[in-house]
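Scroll down for the structure; my scribbles are underneath it.
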Amino acid sequence: MKTKVETETYMRDREAVIRLTENLVRIPSVYRENVPDANETKVAMYVANYLKEIGIETHIEEVVPGRPNVIGVVDSGKPGKTLLFEGHTDVVTEGNIDAWTYDPFSAHTVDGRMYGRGTNDTKGNLACMITAVHSLLQDKEEFTGKIILCIPVDEEGMMLGIKHFIKKGWADGVDGAIICEPEENNVCIAQRGAMRIRVDIFGKMAHGAISWSGINPNWRLARLIVELEKLEKEEQTRLGEDPYLKWPSITPTIIQSPVKGDAQINVIPDQCMMTLDIRTVPAQDHDELLGKINAIIEKLKEEDPDFKSELTILDNRPSTNTDADDPVVQAIYDAVESVTGKTPIYNGVPGATDGTFLHMHGIPIVTIGAGDRDIPHQIDEYIDIEELAVTTAIYREAALRFLNVKE
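Structure below.
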């Protein structure tokens, strides 16, 4: 008896997903502001044309100028549930091209691995979800309800694409969503929340040799960073290690001083700025955490009358948690077991995904896909070829299991 990785369907889909991944990776889709053609347009148009060619109803919606979402719809014509697959078209910067072993947009394959920006996060998985649905159509598989392919822009930024998708009503009536991200085909039922905060500290510009004539904002920022590190440790001690998401974190990322104008070694700046990338677990309340940060700032102001600051919330995404018994989770779990012959692993997503906003819209989500969890955004990003094929088979099987289960 053949297993699901020995069938003609598997081998056909394996070749298709490899070719599609190669073609997607070879179209750069790093968003670069004010750089012509440096966005998702070309890859989105490629995907839209591909969907049309394989007989899928296709919609193209511009989110902001030059950045279109693509939506594919496969309606069985029979009453039933709606399943959504989501995979984004944008990728992060390739960084220093000279540091790559192979051209980041060449999709070069060697020793069973394809290298390139987006192979892992997440053009490989985008190719898997499209190939899986195409496979169902090719084999004339019977199913009820509807499948929606959500292919948005800007997942790596402020997630404008998924917000637009929801705003336009595409997510209404969806019963379950599979978020196609690199998770080593673990069944991820939780993901960390995210708060992005900007803190500006204001001082008085002066000569570095005459420090008493100015107010140095850098000292104030340093004190704040020390206190935030203490808060992070307190939260980690208070909450312990989450079984799927590990620990909450407060991470200073960008520090800029001065904010405007040129920096000079003998000049005290008039202003400095810091951004915080805060990641939370389900046990945390974002308003409560923000209250603790504001309390730290107020305390520093009481201790120092020259401490002047402004806090701006850039983004606020809650953590998510889906019950393991939810039908979309069970469909994926059973599909992984059926395809691989192994006991599936439950896990969580260390970052936020477009699934955050689908969850906020009331849709149960599960995140799963091909790719090493530690590889996204790295130089020499890669995907294992065979894992692409396995993931395609998992998506295919999960769709049938989810849509054909009678309530």
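Numbering-wise (the working numbering), the sequence shown opens with residue 26 and increments by one.
Backbone N, C-alpha and C define an ideal beta-carbon position, used for all residues, glycine too.
Leaving out five residues on either side along the sequence, give the residues of the same chain with a beta carbon under 7 Å from the beta carbon of residue 184. Cβ neighbours of residue 184 beyond the five flanking positions: 379, 382.
Which of helix, strand or coil DSSP assigns to residue 248: Under the three-state reduction of DSSP, residue 248 is assigned to helix.
How should residue 238 be labelled, buried or exposed, when 16 other C-beta atoms within 10 angstroms of its C-beta is the threshold for buried? Around the CB of residue 238, fewer than 16 other CB atoms lie within 10 Å, so the residue is classed as exposed.
Since residue 327 is in the alpha helix (DSSP H), which residue starts that stretch and which ends it? Taken as a continuous stretch (DSSP letters only), the alpha helix (DSSP H) holding residue 327 covers 311–328.
Considering only C-alpha positions, which residue in the set 236, 412, 289, 176 is nearest to residue 49? For residue 49, the nearest C-alpha among the options comes from 176.
Looking only at its own chain, which residues have a Cβ that is under 8 Å from the Cβ of residue 169, when we skip the five neighbours before and after it? Once the five neighbours on either side are set aside, the close Cβ partners of residue 169 are 101, 103, 104, 105, 106, 428, 429.
Whole-angstrom Cβ separation of residue 144 and residue 406, contact assumed at under 8 Å? For a cut-off of 8 Å, the C-beta gap from residue 144 to residue 406 is around 6 Å, short enough to register as a contact.
By a C-beta neighbour count over all protein chains shown, 10 Å radius and 16 as the cutoff for buried, is residue 343 buried or exposed? Under a 10 Å Cβ-count criterion, residue 343 is classified as buried, with 16 or more other Cβ atoms of the shown protein chains found around its own Cβ.
Please state whether DSSP places residue 301 in a helix, a strand or coil. When DSSP states are grouped into helix, strand and coil, residue 301 belongs to the strand group.
Determine the direct distance from the alpha carbon of residue 118 to that of residue 130, and round the result to whole angstroms. If you take the alpha carbons of residue 130 and residue 118, they lie about 11 Å apart.
Cα-Cα, which of 242, 201, 280, 323 is closest to residue 110? Minimum Cα-Cα distance from residue 110 among the listed residues 242, 201, 280, 323 corresponds to 201.
Proximity below 8 Å, CB of residue 345 to CB of residue 215: Yes, the Cβ-Cβ distance between residue 345 and residue 215 is below 8 Å.
Quick check on this structure: which residue in 188, 158, 219 has the alpha carbon closest to the alpha carbon of residue 377? The shortest Cα separation from residue 377 among 188, 158, 219 belongs to 219.
Using only alpha-carbon positions, find the residue among 253, 225, 213 that is nearest to residue 241. Closest in alpha carbon position to residue 241, among 253, 225, 213, is 225.
Roughly how many angstroms separate the alpha carbons of residue 40 and residue 411, rounded to a whole number? Taking the straight line joining both Cα atoms gives about 10 Å.
Using the beta-carbon count (16 or more within 10 Å), is residue 92 buried or exposed? By the neighbour-count criterion, in which 16 or more other beta carbons inside 10 Å mark a residue as buried, residue 92 falls on the buried side.
Taking the straight line between their C-alpha atoms, what separation do you get for residue 373 and residue 356? In this structure, the alpha-carbon of residue 373 lies about 17 Å from that of residue 356.
Am I right that residue 388 and residue 199 are in contact with their C-beta atoms under 8 Å? What's the rounded C-beta distance? Rounded, the Cβ-Cβ distance is 5 Å, consistent with contact.
CB of residue 98 within 8 Å of CB of residue 181, strictly: Going by C-beta atoms, residue 98 is not nearer than 8 Å to residue 181.
What is the DSSP secondary structure of residue 403, counted as helix, strand or coil? If DSSP states are grouped into helix, strand and coil, residue 403 belongs with coil.
So residue 321 packs on residue 212, CB below 8 Å; how close in whole Å? The beta-carbon distance between residue 321 and residue 212, rounded to whole angstroms, is 38 Å. This is too long to meet the 8 Å contact definition.
According to DSSP, simplified to helix, strand and coil, what is residue 242? Assignment of residue 242 by DSSP, reduced to helix, strand and coil, places it in the helix class.
With a cut-off of 8 Å on the beta carbons, I'd call residue 193 and residue 86 a contact; round off their distance for me. That belief holds up - the Cβ atoms of residue 193 and residue 86 are roughly 6 Å apart, short of 8 Å.
Which word fits residue 385, buried or exposed, when buried means at least 16 other C-beta atoms lie within 10 angstroms of its C-beta? Exposed: under 16 other Cβ atoms inside 10 Å.
In whole angstroms, give me the CA-to-CA distance for residue 299 and residue 174. Their Cα atoms are separated by approximately 38 Å.
In chain order, each beta strand (DSSP E) run of at least 3 residues that lies wholly inside the segment 174–223: Unbroken beta strand (DSSP E) runs of no fewer than 3 residues, entirely contained in the segment 174–223, are found at 201–204, 212–216, following chain order.
Does the distance from the C-beta atom of residue 353 to that of residue 203 stay below 8 Å? Yes, they are a contact pair.
Which of helix, strand or coil DSSP assigns to residue 368: Note: residue 368 maps to coil in three-state DSSP.
Between residue 401 and residue 65, what straight-line distance do the alpha-carbon atoms span, to the nearest angstrom? When rounded, the distance between both Cα atoms is 18 Å.
Which residues DSSP lists as bridging residue 435, in chain order: For residue 435 there is no data in the structure shown, the boundaries of the chain being 26 and 432.
Could you round the C-beta distance between residue 210 and residue 393 to whole angstroms and report it? I think they count as a contact, below 8 Å. Yes, they are in contact, since the Cβ atoms of residue 210 and residue 393 sit about 6 Å apart, within 8 Å.
Rounded C-alpha distance that separates residue 156 from residue 54: When rounded, the distance between both Cα atoms is 20 Å.
Residues in its own chain within less than 7 Å of residue 229 by CB, not counting five upstream and five downstream? When the five nearest sequence neighbours on each side are left out, the beta carbons in the same chain lying within less than 7 Å of the beta carbon of residue 229 are those of 239, 240, 295, in order along the chain.
Nearest neighbour of residue 59, chosen from 90, 75, 121, 83 [CA to CA]: Closest by C-alpha distance to residue 59, out of 90, 75, 121, 83, is 90.
In terms of residue numbering, what span does the alpha helix (DSSP H) encompassing residue 162 cover? For residue 162, the enclosing alpha helix (DSSP H) covers residues 148–163.
Other residues of its chain near residue 243: CB distance less than 6 Å, five sequence neighbours each side excluded: So the list reads 282, 297, once near-sequence residues are dropped.
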